[in-house]
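Peer 1: First to last, the sequence lines map onto chains D and Z. This note's numbering numbers the first residue of the first sequence as 5 and each following residue consecutively. This note's numbering numbers the first residue of the second sequence as 33 and each following residue consecutively.
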Amino acid sequence: MSIAQVIKIVNEMEADGIVDRYAIGGAVGATFYLEPVATLDVDVFVAFRQQPAQTLISVRPIFDYLTARGGEVEGEYVVIAGWPVQFLPPTSPLVEEALIEAVTVDVEGTPARVFTAEHLAAIALQTGRAKDHARLLQFIEAAAIDAERFHVVLRRHNLLDRWRTFGRKFLKGES
Amino acid sequence: MTFDIQRVIESKRAYRRLLAQRPVAEKLAMLDELRDRTRAIRAAAARLEATAVRESPPEYRSQPPKD
């Protein structure tokens, strides 16, 4: 019952060609850079292998692969090693870029691919729920993002206005 | 121990920084534990909700009953 086991299984799934590429996002991704952030599920972003005549993306191959290895489907989730895991396609150019530029981190001998801190922060800004704002503030307070790289990402994805609004609202008095 | 709020805030920040610097494997193991605790709290809260005794509010009339 551990996230480490989830990472191992997702690595195997990628090695077996079920998905082209995966990267961990959400609260679990943020935990690679910040203090642990309590969460009940794991968000795994995946690039799917597109079949020639396929127009709709299907998570069926992932579900079939994982249920054959003991995973259980619960709604939108597959429960692996006790953790509900949600497999998400990149839904915006920002998330697509985050998936391409994700970095590999060694977790006690197991490689884990995770979004960069700058992409996690930009996605939090773009998503914009209260908990995303809280996460973005954590990234800033922990000085976990490279300001220059972050601004390049924001500019590329037209998020500078939103960033200025966020700053006026939450970063008054911050140096 | 102090009740100086600024020192309390700074101490919390320092502790969070300390946690953030722990090895990733250790932080992921903490997530496992945090999740177990969150689930236990939620289950306990749900049990409490199910067994709570509630008093129905009295019915107020804005108009007198018709005879």
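From the three backbone atoms N, C-alpha and C, an ideal C-beta is built for every residue, glycine too. Since the model is a prediction, treat every value here as computed from it, not as a measurement.
Taking the alpha-carbon positions, what's the Ser179 (chain D) to Arg117 (chain D) distance?
Peer 2: In this prediction, Ser179 (chain D) has a pLDDT of 48, which is less than 50 and means its spatial position is unreliable; nothing more can be read from the coordinates.
Peer 1: For Arg159 (chain D), count the other beta carbons within 10 Å of its own beta carbon; 16 or more makes it buried, fewer makes it exposed. Which is it?
Peer 2: exposed
Peer 1: Who are Asp110 (chain D)'s beta bridge partners in DSSP?
Peer 2: D:Pro115
Peer 1: Would you identify the three-state DSSP class for Ile73 (chain Z), choosing helix, strand or coil?
Peer 2: helix
Peer 1: If you draw a straight line from the alpha carbon of Arg166 (chain D) to that of Ile104 (chain D), how long is it in whole angstroms?
Peer 2: For the pair Arg166 (chain D) and Ile104 (chain D), the Cα-to-Cα distance works out to about 24 Å.
Peer 1: For a cutoff of 7 Å on Cβ pairs, would you count Thr83 (chain Z) as touching chain D?
Peer 2: no
Peer 1: Kindly indicate which three-state DSSP category Val157 (chain D) falls into: helix, strand or coil?
Peer 2: DSSP places Val157 (chain D) within a helical segment (H, G or I) once states are collapsed to three.
Peer 1: Determine the DSSP secondary structure at Arg54 (chain Z), reduced to helix, strand or coil.
Peer 2: coil
Peer 1: Would you call the stretch 61–75 of chain D in contact with the stretch 33–44 of chain D, where contact means no fewer than 3 C-beta pairs closer than 8 Å?
Peer 2: no
Peer 1: Name the DSSP beta bridge partners of Glu100 (chain D), please?
Peer 2: Beta-bridge pairing by DSSP links Glu100 (chain D) to no other residue.
Peer 1: What does the alpha-carbon distance come out to for the pair Ile13 (chain D) and Glu81 (chain Z)?
Peer 2: Between Ile13 (chain D) and Glu81 (chain Z), the C-alpha separation is close to 37 Å.
Peer 1: Against chain Z, does Ser179 (chain D) count as a neighbour if the rule is that its beta carbon must be under 7 Å from one of theirs?
Peer 2: In this predicted model, Ser179 (chain D) has a pLDDT of only 48, less than 50, meaning its place in the structure is not dependable enough to derive any value.
Peer 1: What separation, rounded to the nearest whole angstrom, lies between the Cα atoms of Gly79 (chain D) and Gly171 (chain D)?
Peer 2: 37 Å
Peer 1: Ala57 (chain Z) to Ala126 (chain D), Cα distance in whole Å?
Peer 2: 25 Å
Peer 1: Note down the Cα distance separating Ile73 (chain Z) from Thr83 (chain Z), rounded to an integer number of angstroms.
Peer 2: 15 Å
Peer 1: Where are the beta strand (DSSP E) runs, 3 residues long or more, that stay fully inside the stretch 18–99 of chain D, in chain order?
Peer 2: Those beta strand (DSSP E) runs which fall completely within the stretch 18–99 of chain D and span 3+ residues are 23–28, 46–52, 76–78, 81–84 and 87–92.
Peer 1: Quick one: what does DSSP say Glu81 (chain Z) is sitting in, helix, strand or coil?
Peer 2: In the three-state scheme derived from DSSP, where H, G and I count as helix and E and B as strand, Glu81 (chain Z) is classed as helix.
Peer 1: With distances taken from CA atoms, which of D:Glu100, D:Ala85 and D:Met5 is nearest Leu25 (chain D)?
Peer 2: Looking at the sequence provided, one finds Arg at residue 25 (chain D) rather than Leu. Looking at the Cα atoms, D:Glu100 is the closest of the given residues.
Peer 1: Say whether chain Z places a C-beta atom closer than 7 Å to the C-beta of Ala8 (chain D).
Peer 2: yes
Peer 1: Quick one: which chain D residues come within Cβ less than 9 Å of Val40 (chain Z)?
Peer 2: None at all; the shortest Cβ gap to chain D is about 16 Å.
Peer 1: In this structure, how does DSSP classify Lys12 (chain D) when only helix, strand and coil are distinguished?
Peer 2: helix
Peer 1: Taking the C-alpha atoms as reference points, what is the distance between Ser96 (chain D) and Pro89 (chain Z)?
Peer 2: 49 Å
Peer 1: So, does the stretch 129–143 of chain D touch the stretch 82–95 of chain D, judging by three or more C-beta pairs under 8 Å?
Peer 2: no
Peer 1: Kindly say whether Ala52 (chain Z), judged by its beta-carbon, lies nearer than 7 Å to any beta-carbon of chain D.
Peer 2: yes
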